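Colleague: These protein sequence lines map, in sequence, to chains A and B.
The opening residue of the first sequence carries number 1 in the numbering used here; numbering runs sequentially from there.
The opening residue of the second sequence carries number 1001 in the numbering used here; numbering runs sequentially from there.
Positions of the beta carbon are idealized from the N, C-alpha and C atoms, including for glycine.
Since the structure is predicted, the reported quantities are computational estimates derived from the model, not experimental observations.
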Amino acid sequence: MARDGESRSFRRKFCKLCLDKVERIDYKDDRRLARFITDRGKIVPRRISGTCARHQAQITEAVKRARILALLPFTSDQYR
Amino acid sequence: MKLYETTIIYDPSLEESRINEEIERVTQPIGSAGGEVVDVQRWGKKKLAYVIRKRRDGTYVHVKHKSPPSLIAEMDRRFRLNESILRHLTIMAPKEEPRVEGAPVEGAPGVSAPAVISD
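1. With respect to the alpha helix (DSSP H) encompassing B/Asp-1011, which residues constitute its N-terminal and C-terminal limits?
2. Counting only beta-carbon separations shorter than 8 Å, does B/Arg-1077 have a partner in chain A?
3. Measuring CA to CA, which of A/Arg-32, A/Arg-47, A/Ile-68 is closest to A/Phe-14?
4. Could you pull out every unbroken alpha helix (DSSP H) segment of at least 4 residues lying fully inside the region 1065-1091 of chain B, listed in chain order?
5. The alpha helix (DSSP H) spanning A/Lys-16 covers which residue range?
6. Using a 10 Å radius around the Cβ and a threshold of 16 neighbouring Cβ atoms, would you call A/Asp-30 buried or exposed?
7. For B/Arg-1053, report the span of its alpha helix (DSSP H) as first-last.
8. Any beta carbon from chain B within less than 8 Å of A/Pro-73's own beta carbon?
9. Please report whether the beta-carbon of A/Ala-70 lies at a distance below 8 Å from any beta-carbon of chain B.
10. Taking C-beta to C-beta, are B/Arg-1077 and A/Ala-70 nearer than 8 Å?
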């Protein structure tokens, strides 16, 4: 039974980092960054997470730095 | 002189005394190049998110320092040659702006930026 889009909630997405008034995202803060990567280690796109452009740019930079320091994975090879 | 943050991952099998030696080898050239070591943090042994050179752990050391940019390239070269370093990363540290609660908003009209005092 199709419910033609009615059941889908169009709740407005908001930037969780703006809500917390985060000024700068640190690459050392791997606990916070872990919320913005998928279980395979990919960076969650803006359209999913709802982060604002400014914070998304900071997230990508921080995640990439954290990956170099092995604080976050480049990929999860547990699936192989 | 610019503010940098260098993080080094050492081989987990190194003893405390060797780590101290290694840190000395990082901080000493900074001083002699006219720089300044602002902060040394030992994060200790941490689990790596992925295997590096067959190691699953690493001993993390984080150094904040003011150095001439020319030293960074030399530091990088030395880190690469050092067999007991698994990984290293130097970044330019963001300028610390102490945010005071209720401080005037940046770029607010009528508030001119304070004069920058160069050293």
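Modeller: To lay it out plainly:
1. Looking at the DSSP string, B/Asp-1011 is not in any alpha helix (DSSP H), and its letter there is neither H nor E.
2. no
3. A/Arg-47
4. For the region 1065-1091 of chain B, whole alpha helix (DSSP H) runs of length 4 or above, ordered along the chain, are 1069-1081.
5. 16-19
6. So A/Asp-30 ends up on the buried side.
7. Note, B/Arg-1053: premise wrong, no alpha helix (DSSP H); not H, not E.
8. Yes, A/Pro-73 counts as interfacial toward chain B.
9. Yes, A/Ala-70 counts as interfacial toward chain B.
10. no
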